[in-house]
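Participant: Sequence lines, in order, name chains Y and P.
Following the working numbering, the numbering of the first sequence begins with 1 at its first residue and continues without gaps.
Following the working numbering, the numbering of the second sequence begins with 1001 at its first residue and continues without gaps.
Don't be surprised by glycine CBs; every beta carbon is placed ideally from N, CA and C.
Being a predicted model, the structure only gives us computed values, none of them experimental.
Right, I'll just put the structure down here and ask away after.
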Amino acid sequence: MSGSPANSPPLARGDEAGPWSRWLTLGCQYVLAVTFLMAALTKITDLSAFRERVVLHSGLPAQGAELVAAYLPWLELTCGACLVLGVMRREAAALLALLLLLFVVQALVRPLEMDCGCLLFLGPSPPASSGWLIARNLLLFCCGIRVSNVLVWRLARKSRDA
Amino acid sequence: MRARNFLHILAISLALSAYASWVLAVRGPAPARSGAVAAPSDGLPLIRLAEARALWEGPATLFIDVRSEADFSFDHVPGAIHLPEGEVERRLPELRPRLERASAIVVYCTSPDCGKALWVALRLRNAGLLQTRIFPEGWNEWVTSEQPTARKRR
Chain Y
1 MSGSPANSPP LARGDEAGPW SRWLTLGCQY VLAVTFLMAA LTKITDLSAF
51 RERVVLHSGL PAQGAELVAA YLPWLELTCG ACLVLGVMRR EAAALLALLL
101 LLFVVQALVR PLEMDCGCLL FLGPSPPASS GWLIARNLLL FCCGIRVSNV
151 LVWRLARKSR DA
Chain P
1001 MRARNFLHIL AISLALSAYA SWVLAVRGPA PARSGAVAAP SDGLPLIRLA
1051 EARALWEGPA TLFIDVRSEA DFSFDHVPGA IHLPEGEVER RLPELRPRLE
1101 RASAIVVYCT SPDCGKALWV ALRLRNAGLL QTRIFPEGWN EWVTSEQPTA
1151 RKRR
């Protein structure tokens, strides 16, 4: 890693940070991509089971749970694919950060007793502790914020407007 | 960041979701999974621990805890609904959509000496929920055999 532009990962417009920062962003991008592609594929390979779990155990109203179960895996898949391909990556990361924030709020307000088994290809297991789930989701949320550059974008826009 | 790109991502996800929903609708409901056996036509089946555990692991099973509020608050089977005997009639309309959706309903109390599970299971069955089962050994057996509980993960 010499830090020359030729060795630096490709970045979106507006990212003018140094090489280390760029590699960090790229790392966050791929961590998010792999995590959400795995999560999506786990759900998509058994959509009916995922739907049953969401409807019966999420505590959401039946129709809301149906919508979430029908839409969430595909949103995760699309965002994960965008991050892997580097297409619309900031928007995809921002959407995933928003999703992760919702998951954290949900875990704080109403922790789920049943493990939805929706992140990895694992067999039935005792549910993970909600503390671990919150910490994991917060870490991924930080990755999302990093890749989406949403804070930098907002600050830049503010300074431009000022 | 462009609003148009957000719309692209949301639209692609929506299209995939619509296609998947259509395929699932055309294919019809999934067959019963291992552990989640089909509803029996008569009688109230009694199940043992191994079957209760297998059903708990299935995605479409609901556990009903008929013990007291204090016992339930202290600990229970993860995902179980608390439905004491005296509240069945009042809460059944509210719970019915979830119960009807479940491929198996497992009612449990503290131990085989507790008759509440039978009464609640009978009421559920009479309300048309034929997939109801009783786990007579109940909570004592579940917890002494070190099965997952809601408290363990806190």
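#1: Restricting to Cα atoms, I'd like to know which of E1141(P), D1113(P) and A1102(P) is closest to L1055(P).
#2: Label E1209(P) either buried or exposed according to how many other C-beta atoms from any shown protein chain fall within 10 Å of its C-beta, with 16 as the threshold for buried.
#3: Can you tell me which of the three DSSP states R1067(P) falls into?
#4: Under 7 Å between beta-carbons, which chain Y residues line up against L1062(P)? List them in chain order, please.
#5: Can you check which of these residues, L1046(P), I1012(P), F1074(P) and A1050(P), is closest to L1118(P) by C-alpha distance?
#6: Is A40(Y) closer than 8 Å to P61(Y) when the C-beta atoms are compared?
#7: Look up A1104(P) in the DSSP assignment and give the residues it is bridged to.
#8: Can you pull the chain P residues whose beta carbon is under 7 Å from the beta carbon of R90(Y), in chain order?
#9: Whole angstroms are fine: how far does the CA of P1059(P) sit from the CA of A135(Y)?
#10: Could you tell me whether the stretch 27 to 40 of chain Y touches the stretch 81 to 90 of chain Y, using the rule of 3 or more Cβ pairs below 8 Å?
#11: Which term fits G144(Y), buried or exposed, when burial requires 16 or more other beta carbons within 10 angstroms of its beta carbon?
#12: Taking the alpha helix (DSSP H) that I1134(P) falls in, what are its first and last residues?
#13: Comparing alpha-carbon positions, which option in L1007(P), G1138(P) and L1014(P) lies nearest I1064(P)?
#14: Have a look at A70(Y) and D1113(P) and give me their C-alpha separation to the nearest angstrom.
#15: Quick one: residues in its chain with C-beta nearer than 7 Å to the C-beta of L96(Y), no 5 flanking neighbours on either side, listed in chain order?
#16: At a cut-off of 7 Å, is E1137(P) close to the ligand SAH when judged by its beta-carbon and the heavy atoms of the ligand?
#17: Can you name the start and end residues of the alpha helix (DSSP H) that P73(Y) belongs to?
#18: For P1078(P), collect the residues of the same chain with a Cβ closer than 6 Å to its Cβ; drop the 5 residues on either side in sequence, then sort them by chain order.
#19: Which word fits L142(Y), buried or exposed, when buried means at least 16 other C-beta atoms lie within 10 angstroms of its C-beta?
#20: Identify each residue in the stretch 38 to 54 of chain Y for which the Cβ-Cβ distance to at least one residue of chain P is less than 7 Å, and report them in chain order.
#21: Tell me which residue opens and which closes the alpha helix (DSSP H) that L1124(P) is part of.
#22: Hey, quick one: how far does the alpha helix (DSSP H) through I1047(P) stretch, first residue to last?
#23: So, helix, strand or coil for H1082(P), using DSSP?
#24: Quick one, which residues of the stretch 17 to 35 of chain Y are near chain P if we go by CB-CB under 9 Å, in chain order?
#25: In three-state DSSP terms, what is R110(Y)?
#26: Count the other CB atoms, across all protein chains shown, that sit within 10 Å of the CB of R1002(P); report buried if there are 16 or more and exposed otherwise.
#27: Are the C-beta of C79(Y) and some C-beta of chain P separated by less than 8 Å?
#28: With 8 Å as the threshold, decide whether the Cβ of A70(Y) is near any Cβ in chain P.
#29: CA-CA distance, R1091(P) and E1085(P)?
#30: Quick one: Cα of L133(Y) to Cα of L98(Y), how far?
Facilitator: Answer, in terms of the structure:
#1: Indexing the second sequence from 1 puts residue 1055(P) at position 55. It is A1102(P) whose Cα lies nearest to the Cα of L1055(P).
#2: Examination of residue 1209(P) is not possible in this model, given that chain P is present from 1001 through 1154 alone.
#3: Here the question's residue 1067(P) lines up with position 67 in the second sequence. Of the three classes helix, strand and coil, the one that applies to R1067(P) here is coil, per DSSP.
#4: In the second sequence, counting from the first residue as 1, residue 1062(P) sits at position 62. Neighbours of L1062(P) on chain Y, chain order: L56.
#5: For the purposes of this step, residue 1118(P) is identified with residue 118 of the second sequence, where counting begins at 1. Considering only alpha carbons, the answer is L1046(P).
#6: Indexing the first sequence from 1 puts residue 61(Y) at position 61. Indexing the first sequence from 1 puts residue 40(Y) at position 40. At a Cβ-Cβ threshold of 8 Å, P61(Y) and A40(Y) do not count as neighbours.
#7: Start at 1 with the first residue of the second sequence, and residue 1104(P) comes out as number 104. Per DSSP, T1061(P).
#8: Stepping through the first sequence from its first residue, residue 90(Y) is reached at position 90. Simply M1001.
#9: As a working note, residue 135(Y) is residue 135 in the first sequence. As a working note, residue 1059(P) is residue 59 in the second sequence. Between A135(Y) and P1059(P), the C-alpha separation is close to 26 Å.
#10: Judged by Cβ distances under 8 Å, the stretch 27 to 40 of chain Y makes contact with the stretch 81 to 90 of chain Y, as three or more pairs qualify.
#11: As a position in the first sequence, residue 144(Y) is number 144, starting the count at 1. By the neighbour-count rule (16 or more Cβ atoms within 10 Å), G144(Y) is buried.
#12: Here residue 1134(P) is taken as the residue at index 134 of the second sequence, counted from 1. No alpha helix (DSSP H) contains I1134(P), which is instead part of the beta strand (DSSP E) from T1132 to F1135.
#13: Position 64 of the second sequence, counted from the first residue, corresponds to residue 1064(P). Closest by alpha carbon: G1138(P).
#14: The count along the first sequence starts at 1 and reaches residue 70(Y) at position 70. The count along the second sequence starts at 1 and reaches residue 1113(P) at position 113. Between A70(Y) and D1113(P), the C-alpha separation is close to 43 Å.
#15: Translated into the one-based positions of the first sequence, residue 96(Y) becomes position 96. These residues qualify, in order along the chain: L32, F36, C79 and G144.
#16: This structure simply doesn't include the ligand SAH, nor any ligand for that matter.
#17: Residue numbering aside, residue 73(Y) sits at position 73 when the first sequence is read from its first letter. It spans A62 to L85 - the alpha helix (DSSP H) in which P73(Y) sits, taken as one unbroken run.
#18: Here the question's residue 1078(P) lines up with position 78 in the second sequence. The residues P1148 and A1150, in chain order, have a CB closer than 6 Å to that of P1078(P) in the same chain once the five nearest residues on each side in sequence are set aside.
#19: Residue mapping note: residue 142(Y) aligns to position 142 of the first sequence, counting from 1. It should be noted that the sequence gives Cys, not Leu, for residue 142(Y). With fewer than 16 other CB atoms across the displayed protein chains lying within 10 angstroms of its CB, C142(Y) is exposed.
#20: Flagged, chain order: L47, S48, A49, E52 and R53.
#21: On the second sequence, residue 1124(P) is found 124 positions in, with the first residue counted as 1. Element bounds for L1124(P): K1116 to N1126.
#22: Working through the second sequence from its first residue, we reach residue 1047(P) at position 47. No alpha helix (DSSP H) contains I1047(P), which DSSP labels as neither H nor E.
#23: For the purposes of this step, residue 1082(P) is taken as residue 82 along the second sequence, with counting starting at 1. Strand at H1082(P).
#24: Correct list: empty, as no residue qualifies.
#25: Stepping through the first sequence from its first residue, residue 110(Y) is reached at position 110. Secondary structure at R110(Y): coil, using DSSP grouped into helix, strand and coil.
#26: The residue given as residue 1002(P) occupies position 2 in the second sequence. Burial check for R1002(P): the Cβ neighbour count within 10 Å stays below 16, so the residue is exposed.
#27: What you label residue 79(Y) is simply residue 79 of the first sequence in a count that begins at 1. Cβ-Cβ to chain P under 8 Å: yes for C79(Y).
#28: The residue given as residue 70(Y) occupies position 70 in the first sequence. By this cut-off, A70(Y) is an interface position.
#29: Here residue 1091(P) corresponds to residue number 91 of the second sequence, with the count starting at 1. Here residue 1085(P) corresponds to residue number 85 of the second sequence, with the count starting at 1. The C-alpha of E1085(P) is placed about 10 Å away from the C-alpha of R1091(P).
#30: As a working mapping, residue 133(Y) is identified with position 133 in the first sequence. As a working mapping, residue 98(Y) is identified with position 98 in the first sequence. The straight-line gap from Cα to Cα measures roughly 16 Å.
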